[in-house]
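**Student:** In full-length UniProt numbering, the protein residues as written are 1 to 95.
By construction, the Cβ of each residue, glycine as well, lies at the ideal position given by its N, Cα and C atoms.
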């Protein structure tokens, strides 16, 4: 991601517009955390009520029946962001 400092993905409650109260921990994941990275340096992030089979390292817990939306923050965005040479990928549903 085009962030010189770090990036974070944050989940918000659709009804309250506040951070999603998932009863677990903060509903966020960030590049300065100990993420599991793929061989190419990318990271698969998982969002859902249950952790993926790979563990909780790259997971944000949601609450069944609660709507949410995500916000991506880039701290120290690089030129690729401003040039629109980079865009985030779409969220995809896992089986």
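1. Going by DSSP, what residues sit across from residue 7 in a beta bridge?
2. Quick one: Cα of residue 52 to Cα of residue 83, how far?
3. Determine the DSSP secondary structure at residue 80, reduced to helix, strand or coil.
4. What are the boundary residues of the beta strand (DSSP E) that residue 100 is part of?
5. Should residue 10 and residue 85 be called a contact, given that it needs their Cβ atoms to be closer than 8 Å?
6. Going by beta-carbon coordinates alone, are residue 6 and residue 31 separated by less than 8 Å?
7. Under DSSP, the beta strand (DSSP E) around residue 46 begins and ends at which residues?
**Tutor:** According to the structure data:
1. 74
2. 35 Å
3. helix
4. The question about residue 100 has no answer here: the residues shown for the chain are numbered 1 through 95.
5. no
6. yes
7. 46 to 48
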